[in-house]
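Presented below is the structure to which this report refers.
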Amino acid sequence: MFSLSWLRISFFGALPFIISGSIPNMVDAFFESVSGFTTTGASILSEVESLSKSILFWRSLTHVVGGMGVLVLVLAILPKGNNQALHIMRAEVPGPTVGKIVAKMNYNSRILYIIYIHELLY
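Quick note on the working numbering: the sequence shown kicks off at 12 and runs consecutively.
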(Lines of atoms letter the chains of each structure in order from A and count residues from 1; the text may use other names and numbers.)
(Lines give C-alpha, C1' and ligand atoms only; values in the text may rest on other atoms or scores of the structure.)
Protein backbone atom coordinates (compact mmCIF):
# COMPACT_ATOMS: atom_id res chain seq x y z
CA MET A 1 0.00 0.00 0.00
CA PHE A 2 2.73 2.45 0.98
CA SER A 3 4.75 1.58 -2.15
CA LEU A 4 1.75 2.29 -4.33
CA SER A 5 1.46 5.70 -2.69
CA TRP A 6 4.94 6.56 -3.95
CA LEU A 7 3.95 5.60 -7.48
CA ARG A 8 0.69 7.54 -7.27
CA ILE A 9 2.37 10.66 -5.89
CA SER A 10 5.06 10.49 -8.55
CA PHE A 11 2.51 10.01 -11.33
CA PHE A 12 0.47 13.03 -10.24
CA GLY A 13 3.69 14.96 -9.71
CA ALA A 14 4.57 14.36 -13.36
CA LEU A 15 1.32 15.84 -14.68
CA PRO A 16 2.32 19.54 -14.40
CA PHE A 17 5.46 18.83 -16.46
CA ILE A 18 3.39 17.14 -19.17
CA ILE A 19 0.48 19.61 -19.17
CA SER A 20 2.80 22.61 -19.43
CA GLY A 21 4.76 21.00 -22.25
CA SER A 22 8.05 21.42 -20.40
CA ILE A 23 8.62 17.67 -20.52
CA PRO A 24 6.32 16.17 -23.16
CA ASN A 25 7.44 12.57 -22.65
CA MET A 26 5.56 10.77 -19.84
CA VAL A 27 8.53 8.60 -18.84
CA ASP A 28 10.85 11.63 -18.58
CA ALA A 29 8.26 13.60 -16.60
CA PHE A 30 7.75 10.64 -14.26
CA PHE A 31 11.52 10.35 -13.80
CA GLU A 32 11.78 14.05 -12.95
CA SER A 33 8.92 13.74 -10.46
CA VAL A 34 10.41 10.66 -8.76
CA SER A 35 13.77 12.42 -8.63
CA GLY A 36 12.18 15.36 -6.85
CA PHE A 37 10.17 13.39 -4.32
CA THR A 38 13.12 11.12 -3.50
CA THR A 39 15.64 14.02 -3.58
CA THR A 40 18.13 12.03 -5.65
CA GLY A 41 19.21 15.11 -7.57
CA ALA A 42 19.02 13.35 -10.94
CA SER A 43 17.42 15.29 -13.77
CA ILE A 44 16.74 14.86 -17.46
CA LEU A 45 16.71 18.64 -17.92
CA SER A 46 19.91 20.19 -19.24
CA GLU A 47 18.80 23.83 -18.90
CA VAL A 48 16.61 24.09 -15.81
CA GLU A 49 16.84 27.89 -15.88
CA SER A 50 14.88 28.04 -19.14
CA LEU A 51 11.74 26.55 -17.57
CA SER A 52 8.80 28.77 -16.69
CA LYS A 53 8.58 30.09 -13.14
CA SER A 54 5.53 27.98 -12.35
CA ILE A 55 7.28 24.77 -13.42
CA LEU A 56 10.41 25.78 -11.51
CA PHE A 57 8.21 26.31 -8.46
CA TRP A 58 6.58 22.90 -8.93
CA ARG A 59 9.96 21.21 -9.40
CA SER A 60 11.25 22.91 -6.25
CA LEU A 61 8.13 21.94 -4.33
CA THR A 62 8.68 18.27 -5.15
CA HIS A 63 12.19 18.59 -3.74
CA VAL A 64 10.91 20.33 -0.59
CA VAL A 65 8.32 17.66 0.08
CA GLY A 66 10.88 14.96 -0.63
CA GLY A 67 13.47 16.68 1.53
CA MET A 68 11.37 16.52 4.65
CA GLY A 69 10.31 13.00 3.87
CA VAL A 70 6.93 11.54 3.19
CA LEU A 71 7.30 9.28 6.21
CA VAL A 72 7.55 12.26 8.54
CA LEU A 73 4.56 13.87 6.82
CA VAL A 74 2.44 10.74 7.24
CA LEU A 75 3.39 10.37 10.90
CA ALA A 76 2.58 14.03 11.57
CA ILE A 77 -0.87 13.79 9.99
CA LEU A 78 -1.98 10.41 11.33
CA PRO A 79 -3.47 10.43 14.82
CA LYS A 80 -1.53 8.78 17.65
CA GLY A 81 -3.93 5.89 18.10
CA ASN A 82 -3.86 4.82 14.46
CA ASN A 83 -2.16 1.46 13.86
CA GLN A 84 -1.23 2.45 10.29
CA ALA A 85 1.47 4.78 11.60
CA LEU A 86 3.04 1.90 13.49
CA HIS A 87 2.93 -0.37 10.43
CA ILE A 88 4.56 2.32 8.29
CA MET A 89 7.17 2.89 10.95
CA ARG A 90 7.96 -0.83 11.15
CA ALA A 91 8.32 -0.98 7.37
CA GLU A 92 10.64 2.02 7.16
CA VAL A 93 12.73 1.95 10.35
CA PRO A 94 15.21 -0.84 11.09
CA GLY A 95 15.28 -2.38 14.53
CA PRO A 96 13.16 -4.66 16.71
CA THR A 97 11.06 -2.09 18.62
CA VAL A 98 9.49 1.10 17.37
CA GLY A 99 6.48 1.54 19.69
CA LYS A 100 7.81 4.50 21.67
CA ILE A 101 9.35 6.15 18.63
CA VAL A 102 5.98 6.80 16.94
CA ALA A 103 4.73 9.22 19.59
CA LYS A 104 8.02 11.13 19.58
CA MET A 105 8.12 11.19 15.77
CA ASN A 106 4.62 12.64 15.68
CA TYR A 107 5.60 15.54 17.93
CA ASN A 108 9.06 16.06 16.41
CA SER A 109 7.83 15.98 12.83
CA ARG A 110 5.33 18.75 13.54
CA ILE A 111 8.09 20.90 15.02
CA LEU A 112 10.36 20.16 12.04
CA TYR A 113 7.65 21.15 9.58
CA ILE A 114 7.00 24.42 11.41
CA ILE A 115 10.71 25.25 11.30
CA TYR A 116 11.02 24.13 7.68
CA ILE A 117 8.04 26.19 6.49
CA HIS A 118 9.21 29.21 8.49
CA GLU A 119 12.64 29.03 6.83
CA LEU A 120 11.07 28.67 3.39
CA LEU A 121 8.89 31.73 3.86
CA TYR A 122 11.46 34.03 5.46
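Idealized CB from N, CA, C, for every residue including glycine.
Predicted, not measured: the structure shown is a model, and the values here were computed from it.
Distance from the CA of S71 to the CA of R121, rounded to the nearest whole angstrom, comes to 21 angstroms. When G77, L67, S57 are compared, the shortest CA-CA separation from S31 is found for L67. For L72, the uninterrupted alpha helix (DSSP H) run begins and ends at 64-79, by DSSP. When the five nearest sequence neighbours on each side are left out, the beta carbons in the same chain lying within less than 6 angstroms of the beta carbon of I29 are those of A40, in order along the chain.
Closest by C-alpha distance to W17, out of V45, L131, N36, N119, is V45. Taking all protein chains in view, the Cβ of A25 is crowded by 16 or more other Cβ atoms within 10 Å, so the residue is classified as buried.
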